[in-house]
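Participant: Could you have a look at this structure, given as structure tokens, before my questions?
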Amino acid sequence: MRRQNTLRGVRGNRHLSLDYWIPEFQLQSERDRVNDVSFDKNGWVHNATNIAYQGLDDAILDDFGFNLVTKFAHLTFHTDMDVTYSYTSCGTVFSKLINGEGLAKVSIKNFQFGLSMPFDIKEINGKKFIDLKGVNSWYQIRDKAVFNFENLYNGNKEQSEAIHNLFNKNWKFVAEEFGKDFSEKLVDGIFYKLKNYMLTMPLKDFATC
């Protein structure tokens, strides 16, 4: 079962927002926040706290639907996004020493997410609802990402510019190698919002939207 016109209506140049297709479901009101993400990978130790994801309120729906036979739902959308946080960093990246502490911002152009979610049918007060049970996800940056870390190398401008050039020249590698933890935290928040939303929409009402 699929919402009418969802798949065809959002492709092409119409650029309709996600809340146009699912009016009562909002990915965020202004910003979504995650407490922390940390990784120690390939010699680079990076800790991020007070993470804010800005741009979900402008998300464009690519595809949304659910199948009552296979009991899988899917959601695909894209948006531009700014990710800001406080960071501490040390170790090596691109075979260069890195250290710093301060504010970080990652600006992402054309960020696409896909979610696949198994579900059961749950009956509440005689009405049937979709009860999402879990999520598998993928993400892709279609255009580019720009990284900015304030106060690298205790403010040494020359060293900071050199490492920033490497990050921004190799943005795709950085996103694929180190971005998974950030995206998974964001997807978890989206999943629980969608799960709660689906439990407010009886199947009968949802099918006639």
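If you read the sequence shown in UniProt numbering, its first letter stands for residue 1, the second for the next number, and so on.
All C-beta atoms in this analysis are idealised placements derived from N, C-alpha and C, irrespective of residue type, glycine included.
In this text, all values refer to a predicted model and were calculated from it rather than measured experimentally.
1. At what residue ranges does the segment 74-144 contain a whole run of the beta strand (DSSP E), taking only runs of 3 or more?
2. If you measure from the CB of Val83, is any heavy atom of the ligand ADP nearer than 7 angstroms?
3. One question on the structure: do Gly91 and Trp44 come within less than 8 angstroms of each other, judged by their Cβ atoms?
4. For Asn168, which residues from the same chain have a beta carbon less than 7 angstroms from its beta carbon, with the 5 sequence-adjacent residues on both sides left out?
5. Using 8 angstroms as the Cβ pair cut-off and three pairs as the minimum, do the segment 44-61 and the segment 69-82 touch?
6. State the beta-bridge partners of Phe173 as determined by DSSP.
7. Buried or exposed for Gly126, please, with buried defined as at least 16 other CB atoms from any protein chain shown within 10 angstroms of its CB.
8. Going by DSSP, what residues sit across from Ser38 in a beta bridge?
9. What's the C-alpha gap between Asn165 and Trp171?
10. Considering only C-alpha positions, which residue in the set Leu97, Phe66, Asp40, Ser38 is nearest to Asn154?
11. Taking all protein chains shown into account, decide if Thr84 is buried (16 or more other Cβ within 10 angstroms of its Cβ) or exposed.
12. By how many angstroms is the C-alpha of Asn35 removed from the C-alpha of Leu203?
13. Per DSSP, what kind of secondary structure is Ala52 in: helix, strand or coil?
14. State the Cα-Cα distance for the pair residue 211 and Ile130, rounded to the nearest angstrom.
15. Run through DSSP, which three-state label would Val187 get?
16. What does the alpha-carbon distance come out to for the pair Glu24 and Leu186?
17. Going by the CB atoms, is the gap between Met117 and Phe72 shorter than 8 angstroms?
18. If you draw a straight line from the C-alpha of Lys41 to the C-alpha of Asn156, how long is it?
19. Judging by CA-CA distance, which residue of Thr88, Leu103, Met201, Ser183 is the nearest neighbour of Cys112?
20. Around the C-beta of Ser95, are 16 or more other C-beta atoms found within 10 angstroms, so that it is buried, or is it exposed?
21. Can you tell me the Cα-Cα spacing of Gly134 and Asn99, whole angstroms?
22. For a quick check, are the C-beta atoms of Gly179 and Phe149 less than 8 angstroms apart?
Facilitator: With the given structure in hand:
1. 100-124, 127-132
2. This structure does not include the ligand ADP; it has no bound ligands of any sort.
3. yes
4. Val146, Phe147
5. yes
6. Looking at the DSSP assignment, Phe173 forms no beta bridge with any residue, so it has no partner.
7. exposed
8. Asn47
9. 10 angstroms
10. Leu97
11. buried
12. 35 angstroms
13. strand
14. It is not possible to answer for residue 211, since the shown part of the chain is limited to 1 through 209.
15. helix
16. Caution is warranted here: a pLDDT of 49 is assigned to Glu24, below 50, making its placement in the model unreliable, and the coordinate value is therefore given only provisionally. C-alpha separation (whole angstroms): 20 angstroms.
17. yes
18. 24 angstroms
19. According to the sequence shown, residue 112 is Gln rather than Cys. Comparing Cα positions, the closest option is Ser183.
20. exposed
21. 37 angstroms
22. no
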